[in-house]
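Novice: Taking our numbering, the leading residue of the sequence shown gets 59, the next gets one more, and so forth.
Have a look at the structure that comes next, please.
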Amino acid sequence: VLNLVWADDSGNIGWHVVGGIPDRGGFSGKYPMPCASGEFEWRGMIPFDRLPHVENPPEHFIITANQRTADVSYNGTWAPPWRRDRIAHLLTSKAQLSPADFQTIQSDRLSLYARMMRDLVVKAGDGGDADLTWALSELGAWDGTMSGSSHAAALCAALQVTLPARVLGSLLGDDYTGFLSLADFGVYNASEDIVQRPDSKLWPADAVERAQLIRSAVRDALKRLQEQLGSNRTQWTWERLHTLTFKSPISEGADIRSRLLGWYFNRGPFPDAGGRHTVNNSWFSLGHPFATEQISSYRYVIDMAHPDHAEAMNHTGESDIAASPHYDDMIQAWRAGKYHPLDRDIAPTRPAD
Numbered sequence: 059v060l061n062l063v064w065a066d067d068s069g070n071i072g073w074h075v076v077g078g079i080p081d082r083g084g085f086s087g088k089y090p091m092p093c094a095s096g097e098f099e100w101r102g103m104i105p106f107d108r109l110p111h112v113e114n115p116p117e118h119f120i121i122t123a124n125q126r127t128a129d130v131s132y133n134g135t136w137a138p139p140w141r142r143d144r145i146a147h148l149l150t151s152k153a154q155l156s157p158a159d160f161q162t163i164q165s166d167r168l169s170l171y172a173r174m175m176r177d178l179v180v181k182a183g184d185g186g187d188a189d190l191t192w193a194l195s196e197l198g199a200w201d202g203t204m205s206g207s208s209h210a211a212a213l214c215a216a217l218q219v220t221l222p223a224r225v226l227g228s229l230l231g232d233d234y235t236g237f238l239s240l241a242d243f244g245v246y247n248a249s250e251d252i253v254q255r256p257d258s259k260l261w262p263a264d265a266v267e268r269a270q271l272i273r274s275a276v277r278d279a280l281k282r283l284q285e286q287l288g289s290n291r292t293q294w295t296w297e298r299l300h301t302l303t304f305k306s307p308i309s310e311g312a313d314i315r316s317r318l319l320g321w322y323f324n325r326g327p328f329p330d331a332g333g334r335h336t337v338n339n340s341w342f343s344l345g346h347p348f349a350t351e352q353i354s355s356y357r358y359v360i361d362m363a364h365p366d367h368a369e370a371m372n373h374t375g376e377s378d379i380a381a382s383p384h385y386d387d388m389i390q391a392w393r394a395g396k397y398h399p400l401d402r403d404i405a406p407t408r409p410a411d
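The following block contains the structure:
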């Protein structure tokens with residue numbers, strides 16, 4: 059099942075969910091259901107014209123960024139809307155957008171969620187602690203961009219791990235790690251709920267105790283950065299902490315064979331930027347930070363008035379043969395946010411018989 063967006067040269071735009079979705083009464087898609095009663099059996103497939111769709115919406119744009127795109131009974135799991143909201147802001151910030159503007163949007167690494175995290179931590183204050191004074195000075199001067207050279211981005215990413223550990227750990231003990239893992243699957247994103255909602259019941263009821271908990275999480279983040287990056291804070295940059303490795307599936311494993319295959323087939327690690335909530339996505343797991351696990355892989359920009367000038371970029375290369383120069387020759391261009399032209403008039407070359 060996919061979100062399919064489309065446009066034509068007459069100025070029409072549309073979005074349609076495509077794929078086979080079972081018609082099951084009373085099933086939300088979130089949890090396993092009992093099978094014995096027959097109450098939740100399939101009643102066939104939902105017809106195509108009943109799947110969520112829209113054409114030429116009044117706002118004149120369509121965004122799908124893993125956020126909740128439809129309010130239907132079979133809703134499953136969705137990502138929070140931070141990326142969608144950032145894209146909407148960029149789309150409406152200018153009266154006229156060029157293809158170059160869309161390339162800039164696809165490369166955007168400002169995190170709206172990071173800004174909320176920043177404001178929450180700065181408001182808690184430093185409590186007279188010199189280390190926290192340094193941390194809050196870095197965060198307070200930061201605009202929320204998860205750039206590779208940023209100290210504040212590294213600190214904010216560490217806080218995305220240590221703050222829910224403090225909040226949930228105080229409630230669940232060691233079991234909090236399993237609960238936290240649910241956030242990565244969109245079932246209930248407690249780690250972001252506590253930042254977004256000051257009235258969340260997960261917080262301590264007492265404001266002083268809450269501020270102390272936040273300051274403890276900042277200390278935990280500083281300790282984590284020191285353990286992973288050393289004691290020299292000038293070296294605490296996000297790209298040293300956050301890396302990207304393009305891995306072949308056949309290299310997965312801990313045995314020596316997998317490591318040897320990884321040496322040959324994998325590429326990286328490369329210093330990385332972006333984060334869990336940036337348009338140019340560079341997702342890392344809360345349970346196993348901070349290596350990049352998911353990316354915005356394929357980029358494509360087309361002006362329907364000039365379709366012959368479409369541009370795109372994939373993230374590794376055109377060949378699956380590791381010995382080929384085209385196995386990894388797109389990586390650096392992809393990392394730099396560059397594009398190559400697509401010419402629809404160039405026919406593919408067919409191998410000789």
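Virtual Cβ for every residue (Gly too), placed ideally from N, Cα, C.
Keep in mind the model is a prediction, meaning the values are calculated, not measured.
Which word fits R334, buried or exposed, when buried means at least 16 other C-beta atoms lie within 10 angstroms of its C-beta?
Specialist: With 16 or more Cβ atoms within 10 Å of its Cβ, R334 is classed as buried.
Novice: Where does E196 sit, in a helix, a strand or coil, going by DSSP?
Specialist: It is helical.
Novice: CA-CA distance, E113 and G72?
Specialist: So the two alpha carbons sit approximately 4 Å from each other.
Novice: Using only alpha-carbon positions, find the residue among M174, M91 and N61 that is nearest to T122.
Specialist: Out of M174, M91 and N61, N61 has the C-alpha closest to the C-alpha of T122.
Novice: What three-state label does DSSP hand D411 in the structure shown?
Specialist: For D411, the pLDDT reaches just 49, beneath the cut-off of 50, and the residue's location in the model is therefore unreliable, although a value from the coordinates is still provided. Coil, per DSSP.
Novice: Going by beta carbon distance, what residues of the same chain come within less than 8 Å of W401, once the five residues before and after it are set aside?
Specialist: The question names Trp, but residue 401 in the sequence shown is Asp. Correct list, in chain order: D366.
Novice: Rounded to a whole number of angstroms, what is the C-alpha to C-alpha distance between N70 and L221?
Specialist: Cα-Cα distance, rounded: 45 Å.
Novice: So, do the region 140-149 and the region 166-176 have three or more beta carbon pairs nearer to each other than 8 Å?
Specialist: Verdict: yes, contact present.
Novice: What distance in whole Å lies between the Cβ atoms of H300 and R330, which are believed to be in contact at a cut-off of 8 Å?
Specialist: It should be noted that the sequence gives Asp, not Arg, for residue 330. Between H300 and D330 the Cβ distance is about 5 Å, and since that is below 8 Å, they are a contact.
Novice: Around the Cβ of G375, are there at least 16 other Cβ atoms within 10 angstroms (buried) or fewer (exposed)?
Specialist: Buried: at least 16 other Cβ atoms inside 10 Å.
Novice: For Q125, which of V219, N247 and D81 has the nearest alpha-carbon?
Specialist: Closest option to Q125, Cα to Cα, is N247.
Novice: If we count Cβ pairs, one from each stretch, closer than 8 Å, do we get three or more for the region 190-204 versus the region 265-272?
Specialist: At 8 Å Cβ cutoff, the stretches do not touch.
Novice: Can you list, in chain order, the stretches of the alpha helix (DSSP H) that have 4 or more residues and sit fully within the region 169-243?
Specialist: Within the region 169-243, the complete alpha helix (DSSP H) runs of at least 4 residues are 170-182, 188-198, 209-230 and 234-239.
Novice: Any idea which residues DSSP pairs G72 with across the strands?
Specialist: DSSP output for G72 lists W64 and E113 as bridge partner(s).
Novice: Would you decide whether A216 is buried or exposed? Buried here means 16 or more other CB atoms lie within 10 Å of its CB.
Specialist: When all chains shown are included, A216 counts as buried.
Novice: Measure from the alpha carbon of P110 to the alpha carbon of each residue in A128, A94, Y234 and C93, then state which is nearest.
Specialist: Answer by Cα proximity: A128.
Novice: Alpha carbon to alpha carbon, how far is D177 from T350?
Specialist: Computed Cα separation, rounded: 25 Å.
Novice: Which residues does DSSP pair with W44 in a beta bridge?
Specialist: Outside the shown range of the chain (59 to 411) lies residue 44, about which nothing can therefore be said.
Novice: Do the region 392-399 and the region 358-373 make contact, defined as three or more Cβ pairs closer than 8 Å?
Specialist: Yes, the region 392-399 touches the region 358-373.
Novice: Rounded to whole angstroms, what's the CA-CA distance from R108 to D233? Just pull it up for me.
Specialist: R108 and D233: Cα-Cα distance of roughly 41 Å.
Novice: So for G320, helix, strand or coil by DSSP?
Specialist: If DSSP states are grouped into helix, strand and coil, G320 belongs with the helices.
Novice: What does a CB cutoff of less than 7 Å around D453 pick up in its chain, not counting 5 residues either side in sequence?
Specialist: Given that the chain is displayed from residue 59 to residue 411, the structure contains no residue 453 and the question cannot be resolved.
Novice: Which whole-angstrom value describes the C-beta separation of W341 and N372, a residue pair presumed to lie in contact below a C-beta threshold of 8 Å?
Specialist: Between N372 and W341 the Cβ distance is about 18 Å, and since that is not below 8 Å, they are no contact.
Novice: Comparing C-alpha positions only, which one of D189, A193, A188 and E369 sits nearest to A179?
Specialist: Reading off the sequence shown, one finds Val at residue 179, where the question assumed Ala. Comparing Cα-Cα distances from V179 to each of D189, A193, A188 and E369, the minimum goes to A193.
Novice: I need the boundaries of the beta strand (DSSP E) containing V253, first residue and last residue.
Specialist: Element bounds for V253: not the beta strand (DSSP E) but the alpha helix (DSSP H), A248 to Q254.
Novice: Where D387 and V337 are concerned, what is the direct C-alpha to C-alpha distance, given to the nearest angstrom?
Specialist: Going from the Cα of D387 to the Cα of V337 covers about 24 Å.
Novice: Whose C-beta lies closer than 7 Å to the C-beta of H118 among residues of the same chain, with five residues either side of it excluded?
Specialist: Contacts found: none.
Novice: Leaving out five residues before and five after H74 in sequence, what residues of the same chain have Cβ atoms less than 7 Å from its Cβ?
Specialist: Answer for H74: L62, L109 and H111, listed in chain order.
Novice: Excluding the five sequence neighbours on either side, which residues of its own chain have a C-beta within less than 8 Å of the C-beta of F98, listed in chain order?
Specialist: R82, G83, G84, F85, M91 and P92.
Novice: Using the C-alpha atoms, what's the distance from G185 back to S414?
Specialist: Shown here, the chain extends from 59 to 411; a query on residue 414 therefore has no answer.
Novice: In chain order, what residues of the same chain have a beta carbon less than 7 Å from the beta carbon of T235, not counting five sequence neighbours either side?
Specialist: Once the five neighbours on either side are set aside, the close Cβ partners of T235 are G345.
Novice: Suppose the cutoff is 7 Å on Cβ atoms and the five residues either side in sequence are ignored; what does the same chain contact list for M362 look like?
Specialist: A65, D66 and D67.
Novice: Does the beta-carbon of I252 have 16 or more other beta-carbons within 10 angstroms, so that it is buried, or is it exposed?
Specialist: With 16 or more Cβ atoms within 10 Å of its Cβ, I252 is classed as buried.
Novice: Can you list, in chain order, the residues of its chain whose CB lies under 8 Å from that of E310, leaving out five sequence neighbours each side?
Specialist: Excluding positions up to five away in sequence, the list reads S316.
Novice: Can you give me the C-alpha to C-alpha distance between R101 and I79, rounded to a whole angstrom?
Specialist: Roughly 11 Å separates the two Cα atoms.
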